[in-house]
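A.B. asks: Dumping the structure here so I can ask a few things about it.
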Amino acid sequence: MEGSLLAKIEKISGVVPAEGEVPVFNEGDTVVIATRSPIGHYRMPTYLRGKIGKIEAIMRQMAVDNEEEGYGRNAGSKGHYYRVAIPMTEIWPDYIGSANDGLRIEIFENWLEKPSDV
Amino acid sequence: MSDHHDHDHDHDHAPITVDELPGYFDLMETAVRELLVERKLFKAEEIRRQIEVLDSRTPALGAKVVARAWTDPAFKSRLLENGRSGCEELGITFYDDTQLIVLENTGAVHNLIVCTLCSCYPRPVLGLPPDWYKLKPYRARAVHEPRAVLEEFGTFIPGDVEIRVSDSTAIIRYLVLPMRPEGTEHLNETQLADLVTRDAMIGVIQVAYKREAA
């Protein structure tokens, strides 16, 4: 499991994590995708904004925030991507197919909100 | 060079010429590249080398990974755990920071990959993507009507099998691990790899095996 993309990380008492190092969301959490429209470069497709999904996995390798990177600002902007599961029927009310059909996408932390925040 | 085409050749052909002027993006690419080289941010040799790296990648690499996963359960479990390190075990290097998730097709789930924003693709293991993968109709429709798209590729997935579309937007790339077709128990790893084509690893088709007529 060690070094795995999807593995859980053991918590050891006394180890103080750096800012942002501990993922904000856990597997199984329900999340709402933000509906903002920032200017610049980012990787959040329009068709998913405002949709509700579930965290399937936490991407353990932290990555730079694209919105910052687009302006050449990489330092201090690392965060987690989450693999989010969204039912097709949640995305498309007129979806033709099985109700079990779904979408998976990796979304950067700053695009996800807890349902209570919305 | 004169227009007269007269040198040692064992065949005839029209003179090879470039008549079209470069387009806007061709000019921009050349200008940016020359500036970056001039400012010593990278060397011409590095660009050439990277193109050579990219061109050395083909779906045969992905097929090798799939065939190994079909024949070696321990490898398969490591591959599903971490796609990148699984491929690296077989000597397939990753030249960038991308990670790889290998998506296993089963009797209950059929995976399809797409990049709605651009053309993200598991290039280290499959090489360059096909043109249709980069064009808007596939990119838009794969996430909206995946079953209709699959049917246009001749792939019919029963209604009780879940279609799972993975949209590649981040530093993660995907590779579909297709189901091993029935009747292939007698094939060795190399023969199995020959059955696995690019489209099966994108998820638009399933791997088929037809026993050759005797």
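Same order as they appear, the protein sequences are chains A and B. The working numbering puts the last residue of the first sequence at 1365; the count rises by one with no breaks. The working numbering puts the last residue of the second sequence at 216; the count rises by one with no breaks. Virtual Cβ for every residue (Gly too), placed ideally from N, Cα, C.
Candidates A/1350, A/1330, A/1322: which alpha carbon is nearest residue 1273 of chain A's?
C.D. replies: The shortest C-alpha separation from residue 1273 of chain A is found at A/1330.
A.B. asks: For residue 52 of chain B, I'd like the list of residues in its chain whose CB is within less than 7 Å of its CB, leaving aside the five on either flank, ordered along the chain.
C.D. replies: Excluding positions up to five away in sequence, the list is empty.
A.B. asks: Let me check understanding here. Comparing Cα to Cα, which of B/101, B/97, B/13, B/22 lies closest to residue 170 of chain B?
C.D. replies: Taking only the C-alpha atoms, the option nearest residue 170 of chain B is B/101.
A.B. asks: So, is the C-beta of residue 88 of chain B closer than 8 Å to a C-beta in chain A?
C.D. replies: Answer no: the Cβ-Cβ gap between residue 88 of chain B and chain A never drops below 8 Å.
A.B. asks: Verify the CB distance criterion: does residue 76 of chain B have a CB-CB separation below 8 Å to chain A?
C.D. replies: Closer than 8 Å: no.
A.B. asks: Any beta carbon of chain B sitting closer than 8 Å to that of residue 1320 of chain A?
C.D. replies: No, residue 1320 of chain A does not count as interfacial toward chain B.
A.B. asks: Could you have a look at residue 1334 of chain A and say whether DSSP puts it in helix, strand or coil?
C.D. replies: Residue 1334 of chain A: strand per DSSP, three-state reduction.
A.B. asks: Between the alpha carbons of residue 188 of chain B and residue 92 of chain B, how many angstroms are there, rounded?
C.D. replies: Going from the Cα of residue 188 of chain B to the Cα of residue 92 of chain B covers about 23 Å.
A.B. asks: Identify which residue in B/117, B/24, B/134 has its Cα closest to the Cα of residue 176 of chain B.
C.D. replies: Ranking B/117, B/24, B/134 by Cα distance to residue 176 of chain B puts B/117 first.
A.B. asks: Note the first and the last residue of the continuous alpha helix (DSSP H) segment covering residue 78 of chain B.
C.D. replies: Per DSSP, residue 78 of chain B belongs to the alpha helix (DSSP H) from 75–83.
A.B. asks: Under 9 Å between beta-carbons, which chain B residues line up against residue 1292 of chain A? List them in chain order, please.
C.D. replies: Going along chain B in sequence order, the residues near residue 1292 of chain A (Cβ under 9 Å) are 118, 119, 145, 169, 171.
A.B. asks: Ordered along the chain, which non-local residues of its own chain (more than five positions away) have a Cβ less than 7 Å from that of residue 199 of chain B?
C.D. replies: Here the set comprises 61.
A.B. asks: Three or more C-beta pairs under 8 Å: does that hold for the segment 1317–1336 of chain A against the segment 1346–1353 of chain A?
C.D. replies: The segment 1317–1336 of chain A is in contact with the segment 1346–1353 of chain A.
A.B. asks: Report yes if the C-beta distance between residue 1309 of chain A and residue 1325 of chain A is below 8 Å; otherwise report no.
C.D. replies: The answer is yes: Cβ separation under 8 Å.
A.B. asks: What is the DSSP secondary structure of residue 208 of chain B, counted as helix, strand or coil?
C.D. replies: Note: residue 208 of chain B maps to coil in three-state DSSP.
A.B. asks: Ordered along the chain, which non-local residues of its own chain (more than five positions away) have a Cβ less than 6 Å from that of residue 81 of chain B?
C.D. replies: Here the set comprises 71, 88, 104.
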